[in-house]
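Report on one structure; see the data block that follows.
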Amino acid sequence: MKCPYCGEENTKVIDSRPAEENNAIRRRRQCEVCKKRFTTYEKVESIPLIVIKKDNIREPYDRSKIEAGILRSCHKRPVSYEQIVSAVEDVENAVFNMEQKEVSSAVIGELVMDRLKKLDQVAYVRFASVYREFKDVNTFMEELAKLLK
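Under full-length UniProt numbering, the first residue of the sequence shown is numbered 1, with each subsequent residue one higher.
Here's what the structure looks like:
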């Protein structure tokens, strides 16, 4: 494994432990030359998943898009990074457990909203307002009314 700091190929594993509910291995490594430490993750390569967007364009699944959406929704909310990572993993596990080669972005969006509703209601409303493209205050209020029930 190449050191991300100096580019040296000679690194050693200091610590290994299970990660992501035993679906990956987290390894702490140290460069033999510059002595800096970094973390790598090893996980099983899965079948590529294709996401079907609203406009029927297909693109490869990208975990970082889910993470970015949840991070934006939780901005300045009392939600820890660990909770965000857990939410992303829950959504990702649900998507991959469907065992489909193609999944619509609408399905993924609903999974994210379900998870955010349990995590933080303000984050849920933020995500829903962008995802469902609220056009006016009335649409926003309808969503809040559903949440309050």
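For every residue, glycine included, the Cβ atom is placed at its ideal position computed from N, Cα and C.
Query                                                                                                           : Result
Cα-Cα separation, Ser105 to Lys53                                                                               : 5 angstroms
Simplified DSSP assignment, three categories, for Ile108                                                        : helix
Sub-8 angstroms separation of Leu148 and Lys101 beta-carbons                                                    : no
Beta bridge counterpart(s) of Lys43 as assigned by DSSP                                                         : Ala24
Whole-Å CB distance - Val88 paired with Glu59, under 8 angstroms assumed                                        : That belief does not hold up - the Cβ atoms of Val88 and Glu59 are roughly 18 angstroms apart, past 8 angstroms.
In chain order, each alpha helix (DSSP H) run of at least 4 residues that lies wholly inside the stretch 83-134 : 105-119, 121-131
Three-state secondary structure (DSSP) of Arg63                                                                 : helix
Reference Asn23; option with closest CA among Lys146, Asp90, Tyr5                                               : Asp90
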